[in-house]
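Structure first, then comments.
There are 2 protein chains.
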Amino acid sequence: MSEAGYTVAVLGATGAVGNRIIEQLEQSTVPVKALKLLASEKSVGKTLSFNGESVAVELAEPDAFEGVDIVLASAGGSVSAELAPEAVKRGAVVVDNSSHWRMDERVPLVVPEVNPDALKQHRGIIANPNCSTTQMVVALQPIKEQFGLKQIIVSTYQAASGAGQKAIDEVLDQAQAFIDGQREAMQANVLPVKGDEKHFPLAFNLLPQIDVFEEAGYTHEEYKMIDETKKIMLGDAHAKDIKVTGTAVRVPVMIGHGESVYFEVADHSATRSDIQQAFANGAGVTLQDDPDRQLYPQPLNAEGSRETFVGRVRPDLENEGAFHAWIVSDNLLKGAAWNTVEIAEQLVKDDLVRVPEGVNWD
Amino acid sequence: MSEAGYTVAVLGATGAVGNRIIEQLEQSTVPVKALKLLASEKSVGKTLSFNGESVAVELAEPDAFEGVDIVLASAGGSVSAELAPEAVKRGAVVVDNSSHWRMDERVPLVVPEVNPDALKQHRGIIANPNCSTTQMVVALQPIKEQFGLKQIIVSTYQAASGAGQKAIDEVLDQAQAFIDGQREAMQANVLPVKGDEKHFPLAFNLLPQIDVFEEAGYTHEEYKMIDETKKIMLGDAHAKDIKVTGTAVRVPVMIGHGESVYFEVADHSATRSDIQQAFANGAGVTLQDDPDRQLYPQPLNAEGSRETFVGRVRPDLENEGAFHAWIVSDNLLKGAAWNTVEIAEQLVKDDLVRVPEGVNWD
Numbered sequence: 001m002s003e004a005g006y007t008v009a010v011l012g013a014t015g016a017v018g019n020r021i022i023e024q025l026e027q028s029t030v031p032v033k034a035l036k037l038l039a040s041e042k043s044v045g046k047t048l049s050f051n052g053e054s055v056a057v058e059l060a061e062p063d064a065f066e067g068v069d070i071v072l073a074s075a076g077g078s079v080s081a082e083l084a085p086e087a088v089k090r091g092a093v094v095v096d097n098s099s100h101w102r103m104d105e106r107v108p109l110v111v112p113e114v115n116p117d118a119l120k121q122h123r124g125i126i127a128n129p130n131c132s133t134t135q136m137v138v139a140l141q142p143i144k145e146q147f148g149l150k151q152i153i154v155s156t157y158q159a160a161s162g163a164g165q166k167a168i169d170e171v172l173d174q175a176q177a178f179i180d181g182q183r184e185a186m187q188a189n190v191l192p193v194k195g196d197e198k199h200f201p202l203a204f205n206l207l208p209q210i211d212v213f214e215e216a217g218y219t220h221e222e223y224k225m226i227d228e229t230k231k232i233m234l235g236d237a238h239a240k241d242i243k244v245t246g247t248a249v250r251v252p253v254m255i256g257h258g259e260s261v262y263f264e265v266a267d268h269s270a271t272r273s274d275i276q277q278a279f280a281n282g283a284g285v286t287l288q289d290d291p292d293r294q295l296y297p298q299p300l301n302a303e304g305s306r307e308t309f310v311g312r313v314r315p316d317l318e319n320e321g322a323f324h325a326w327i328v329s330d331n332l333l334k335g336a337a338w339n340t341v342e343i344a345e346q347l348v349k350d351d352l353v354r355v356p357e358g359v360n361w362d
Numbered sequence: 001m002s003e004a005g006y007t008v009a010v011l012g013a014t015g016a017v018g019n020r021i022i023e024q025l026e027q028s029t030v031p032v033k034a035l036k037l038l039a040s041e042k043s044v045g046k047t048l049s050f051n052g053e054s055v056a057v058e059l060a061e062p063d064a065f066e067g068v069d070i071v072l073a074s075a076g077g078s079v080s081a082e083l084a085p086e087a088v089k090r091g092a093v094v095v096d097n098s099s100h101w102r103m104d105e106r107v108p109l110v111v112p113e114v115n116p117d118a119l120k121q122h123r124g125i126i127a128n129p130n131c132s133t134t135q136m137v138v139a140l141q142p143i144k145e146q147f148g149l150k151q152i153i154v155s156t157y158q159a160a161s162g163a164g165q166k167a168i169d170e171v172l173d174q175a176q177a178f179i180d181g182q183r184e185a186m187q188a189n190v191l192p193v194k195g196d197e198k199h200f201p202l203a204f205n206l207l208p209q210i211d212v213f214e215e216a217g218y219t220h221e222e223y224k225m226i227d228e229t230k231k232i233m234l235g236d237a238h239a240k241d242i243k244v245t246g247t248a249v250r251v252p253v254m255i256g257h258g259e260s261v262y263f264e265v266a267d268h269s270a271t272r273s274d275i276q277q278a279f280a281n282g283a284g285v286t287l288q289d290d291p292d293r294q295l296y297p298q299p300l301n302a303e304g305s306r307e308t309f310v311g312r313v314r315p316d317l318e319n320e321g322a323f324h325a326w327i328v329s330d331n332l333l334k335g336a337a338w339n340t341v342e343i344a345e346q347l348v349k350d351d352l353v354r355v356p357e358g359v360n361w362d
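Quick look at the structure:
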């Protein structure tokens, strides 16, 4: 760890995303003077490695944030609701991966490739978007900049890891039972939604429910994709400048979300090749699009990468100015851990690692 | 078998769809006087059961069609190209499940719930549509009839069985290797397309390629969905009355295709409840749509059923007259075997089991 630098706390350090935040932080440009790993009671005393040094996990409680400059949080909504204000009160800037603060108008919701300037108004709490939103806005930002975006219709193919390690474990167990011809032994206790009433097997199946149902037959995940995309791309979750809609489906994949996206641009002179070029030049985007070589994004290939992969770029054959693309990214990295750490990099770069005076979250 | 009735031949009797054609025929209203099972050299001599009787498999050759009234064919495009005209020459009416004849303007492409009247013009060969097309048009036909259809944008989630038993087998093997932590042992020799150059694992992965690539970056499967939908719903593969577009993706499911469909209707007074009611009343459609009870279509539940299941019905929140739905059906039944047998039922019912005079396919 560097002498000059920041004291960084990882809140929820022992989870799948927390682990990856630590890894991404090791490889980041954030100068880390000291690292604190915070988690709930049951993980206290465990040790994790950071840059070859062993770091003990401490209890996540308000006083743990004393002397901390940056908190990278991935401990769930209720923990963030309680502890983020406590951290800010003690002078730390919190980058939160839960959904709790995302729609709060005082909280910037940031994808550094898209809206880094939103950080300038931060009041100590910054929200990291939902995984399925992040990869979509990273991919479509260069399209918006060059050709103008009018409409997005997305169907998602989301990996089990979005629901945590327990979801991964149960799908692997279900898959083994299915392969063994023991379908009746396929147990489901987590998916589609831990807290909902019914649970269904995802192995060799499709579950068109991610998060709970809300108004008009939409799930919370679908509203997240609509509202967060607008807040990030337009600065307002209710803006009308881009129409956004979609369907969120859980698929039996462990890591890596797929998205089939139909989008309409304002500039109808845009050709397929123009759109491909824009994707290829996009920050954080890797174009994988060559039908002749059967090159297109696949979750198994995207795992472990910070990039958002785009392929299957095609003009719509009947709607002028409309195109299709297939977007894949590691939902635990760009969809969570890496975007969180990247926001911290941006805060450091823009000299924004400080809580403005007079901020009060009580 | 009944004394009065038809001599039916099943061509490609030993395949996954052929087997299911025999099962569906047992449960159908087609009076079967005699059954012939036809397949390639390597299956000759095998016996299969039909209504409790043992039937020997014979060689699929032109003279095998002597005395046959109805041929139900699922033996691939090249076999159908050669043998369908031979069968017609000998007086048999052929219902073909391959893609070979579908776009031929002389050949009706039929889904009995949608365009049964197209059978009246048949010249001995009738084509059964592609699996992903069939379930979509069955679901959307009642919407078209009651509210008028303007546009369809579909993203598919297609099962491995669409590529045959070898695809199923390789995905199960890949899944076992993945569960055992032996990812490098995941072998792929069939998917995404048997005849294409590269093969990729589908287990715990997504492959956005079904069939080979054609113009403008679209796959043949995507063109099938566009052209076949128009031919079935509008009577012309190039009609412009309904815009149809989509993206076809293979998912690690064994049986049962899912489809996320966005559609626009002409009658903007249609409410969510109107659309749900239309689906519920649709022939061959079962509405499974109750968010409060977490009821929605799932492939594991659809397997073995002739029905097309529809759920997740929602109005689009920004596009007037637009809706979303999630459609699932057993791709080997309504998508193949059952639709083939159902066409035969319709031919019998409408007294159309005869080849018109003067027909010549040479």
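As you go down the protein sequences, you meet chains S and D in turn. Reminder that position 201 of the first sequence reads as 201 in UniProt numbering, one-by-one numbering, no gaps. Reminder that position 336 of the second sequence reads as 336 in UniProt numbering, one-by-one numbering, no gaps. Glycine included, C-beta positions come from ideal geometry on N, C-alpha and C. Just so you know, these numbers come straight off a predicted model, no measurement behind them.
From the options, pick the residue whose C-alpha is nearest to that of residue i; which is it?
i      : options                           : result
D:S49  : D:G67, D:T14, D:G76 and D:G77     : D:T14
D:L234 : D:Y6, D:V68 and D:V110            : D:V110
S:G77  : S:P208, S:V95 and S:A175          : S:V95
D:A336 : D:Q277, D:V79, D:D292 and D:S132  : D:S132
D:D196 : D:S98, D:A203 and D:H220          : D:H220
D:Y157 : S:I242, S:V30, S:V249 and S:K240  : S:V249
S:K42  : S:P31, S:V353 and S:V57           : S:V57
S:G358 : S:G91, S:A188, S:A73 and S:F213   : S:G91
S:S269 : S:T340, S:F323 and S:V10          : S:F323
D:K33  : D:G12, D:I232, D:V8 and D:L202    : D:V8
S:S329 : S:Y218, S:I343, S:L287 and S:E318 : S:L287
D:P192 : D:R306, D:A185 and D:I168         : D:I168
S:K334 : S:A163, S:R123, S:Q24 and S:N281  : S:Q24
S:P356 : S:V93, S:Q209 and S:A75           : S:V93
D:A160 : D:N189, D:S74 and D:P252          : D:P252
D:G67  : D:L35, D:A81 and D:G45            : D:L35
D:G217 : S:V44, S:L295 and S:P129          : S:L295
S:Q151 : D:R20, D:L317 and D:A118          : D:L317
D:K120 : D:D173, D:V30, D:P85 and D:Q346   : D:Q346
D:R272 : D:A302, D:F204, D:K240 and D:G321 : D:G321
Buried or exposed for residue i, going by 16 or more other Cβ atoms inside 10 Å?
i                      : result
S:N331                 : buried
residue 373 of chain D : The question about residue 373 of chain D has no answer, for chain D in this structure spans 1 to 362.
S:G52                  : exposed
S:T247                 : buried
S:L59                  : exposed
S:R312                 : buried
D:K231                 : buried
D:A73                  : buried
S:K144                 : buried
S:K224                 : buried
D:P129                 : buried
Run through DSSP, which three-state label would residue i get?
i                      : result
D:H257                 : strand
D:E303                 : coil
D:S78                  : helix
S:L206                 : coil
D:H324                 : strand
D:V265                 : strand
S:K240                 : coil
D:G235                 : coil
S:L72                  : strand
residue 366 of chain S : The shown model of chain S, from 1 to 362, leaves out residue 366 of chain S, and the question about it has no answer.
S:V341                 : helix
D:T247                 : strand
S:G311                 : strand
Q: Would you mind listing the alpha helix (DSSP H) stretches within the region 3 to 65 of chain S that are 4+ residues and don't spill past its ends, in chain order?
A: Note on the region 3 to 65 of chain S: whole alpha helix (DSSP H) runs with a minimum of 4 residues are 16 to 26, in chain order.
Q: Please name the residues in the region 186 to 197 of chain D whose beta-carbon is closer than 7 Å to at least one beta-carbon of chain S, in chain order.
A: Residues passing the 7 Å Cβ filter: D196 and E197.
Q. Along the region 130 to 159 of chain S, what residues have a CB closer than 7 Å to any CB found in chain D?
A. Within the region 130 to 159 of chain S, the residues whose Cβ lies closer than 7 Å to some Cβ of chain D are I153, S155 and Y157, listed in chain order.
Q | Contact residues within the region 248 to 263 of chain D, judged by C-beta distance below 7 Å to chain S | A | So the list reads V249, V251, P252, V253, M254, G258, S260 and Y262, given in the order they occur along the chain.
Q: List in chain order: all unbroken alpha helix (DSSP H) runs of 4+ residues lying wholly within the region 162 to 208 of chain S.
A: When DSSP assignments are scanned along the region 162 to 208 of chain S, the uninterrupted stretches of alpha helix (DSSP H) that are 4 or more residues long and fall wholly within it turn out to be 165 to 179.
Q. Which ranges would you report for the alpha helix (DSSP H) in the region 103 to 171 of chain D if only whole runs of at least 4 residues count?
A. Runs of the alpha helix (DSSP H) spanning 4 or more residues and lying entirely within the region 103 to 171 of chain D occur at 131 to 147, in chain order.
Q) Between the region 234 to 245 of chain S and chain D, which residues of the former have a C-beta closer than 9 Å to a C-beta of the latter? A) So the list reads K240, K243, V244 and T245, given in the order they occur along the chain.
**Q.** Under 7 Å (Cβ pairs) to chain D, residues found in the region 317 to 328 of chain S
**A.** Answer in chain order: L317, E318, N319, H324 and W326.
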